[in-house]
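Participant:
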Amino acid sequence: YAKVFFMTNNLENIKDFCLNDGGNVKMLADIDPKDLLILENYGRQLIEYNDYKGAINIFTLLMRIDQWNGDYFYSLGHCYKEMGEKKEAIFCFGRSGIINSHDPRSAFYSAQIFIEMEKKDLAIEAYKSVLAICKTYKKWGSYQTKSIEALMKLEEQE
25 YAKVFFMTNN LENIKDFCLN DGGNVKMLAD IDPKDLLILE NYGRQLIEYN DYKGAINIFT
85 LLMRIDQWNG DYFYSLGHCY KEMGEKKEAI FCFGRSGIIN SHDPRSAFYS AQIFIEMEKK
145 DLAIEAYKSV LAICKTYKKW GSYQTKSIEA LMKLEEQE
């Protein structure tokens, strides 16, 4: 499939495939998933050693190869959050939450950032999203508990 695009040398077809049809570079270039996993593991190691700038470089590369991998966006959001880059973190967590709608972590950490940004209404909505996800996916119970506690704390502040 990828070879057909590159052999036709029609950049409009490639652009349409990537932007309009949900394709990505990973599909076009026929990249081995093992290679991506090696890079992802390296990026996670960088996070473990608090090298967030290095991890951002790795996960940005991975995200550009496969923009439909929510874990890449989540990892980018985590790095940006740790570096205090709130707007970038919110963007990445938002993309991650859309792609991995079964995972409440992006909404949870977005809520924390919204509190730091003094956007209480958005924080409440994000925590409610966490609760909705946790209602369906029981394995995230600790995020449910933390979100309930955070919502109660926010209500006390009113």
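Just so we're aligned, residue 25 is where the sequence shown starts under my numbering, counting upward by one.
Glycine is no exception: its CB is placed at the ideal position from the N, C-alpha and C atoms.
Using the C-alpha atoms, what's the distance from I62 back to E149?
Facilitator: About 36 Å.
Participant: Among Y151, H102, W164, which one has its Cα closest to the Cα of E179?
Facilitator: Looking at the Cα atoms, Y151 is the closest of the given residues.
Participant: Once DSSP output is grouped into helix, strand and coil, what is the label at N93?
Facilitator: Correct three-state label for N93: coil.
Participant: Have a look at E65 and D90 and give me their C-alpha separation to the nearest angstrom.
Facilitator: Rather than Glu, the amino acid found at residue 65 in this sequence is Asn. Looking at the two C-alpha atoms, the distance is approximately 16 Å.
Participant: Here's the rule I'm using: 16 or more other beta-carbon atoms within 10 Å means buried, otherwise exposed. How should I122 be labelled?
Facilitator: The residue in question, I122, is exposed, as its Cβ has fewer than 16 Cβ neighbours within 10 Å.
Participant: Check the C-beta distance from A147 over to A135 and give it rounded, since I have them as a contact under 8 Å.
Facilitator: About 5 Å; that satisfies the 8 Å criterion.
Participant: Could you check which residue in F97, E140, Q181, A131 has the C-alpha nearest to that of K170?
Facilitator: Answer by Cα proximity: A131.
Participant: Who are the near neighbours of H126 in its chain, counting only those whose CB is closer than 6 Å to its CB and skipping five residues on each side?
Facilitator: Cβ within range, chain order: Y161.
Participant: Leaving aside the five residues before and after L86 along the sequence, list all residues of the same chain whose C-beta is less than 8 Å from its C-beta, in chain order.
Facilitator: L60, L63, E64, G67, N93, Y96, listed in sequence order.
Participant: Relative to the C-alpha of V154, which candidate in K110, I71, F83, R129 has its C-alpha closest?
Facilitator: Comparing Cα-Cα distances from V154 to each of K110, I71, F83, R129, the minimum goes to R129.
Participant: Please report the Cβ distance between K110 and M141, rounded to the nearest whole angstrom; I am assuming they are in contact, meaning their Cβ atoms lie under 8 Å.
Facilitator: Between M141 and K110 the Cβ distance is about 6 Å, and since that is below 8 Å, they are a contact.
Participant: Quick one, are the C-beta atoms of I9 and I137 less than 9 Å apart?
Facilitator: For residue 9 there is no data in the structure shown, the boundaries of the chain being 25 and 182.
Participant: Ordered along the chain, which non-local residues of its own chain (more than five positions away) have a Cβ less than 7 Å from that of K105?
Facilitator: These residues qualify, in order along the chain: A113, Y133, I137.
Participant: For the alpha helix (DSSP H) holding K143, just list the boundary residues, first then last.
Facilitator: Segment: none, K143 is in no alpha helix (DSSP H) and carries neither H nor E.
Participant: S99: buried (16+ other C-beta within 10 angstroms of its C-beta) or exposed?
Facilitator: So S99 ends up on the buried side.
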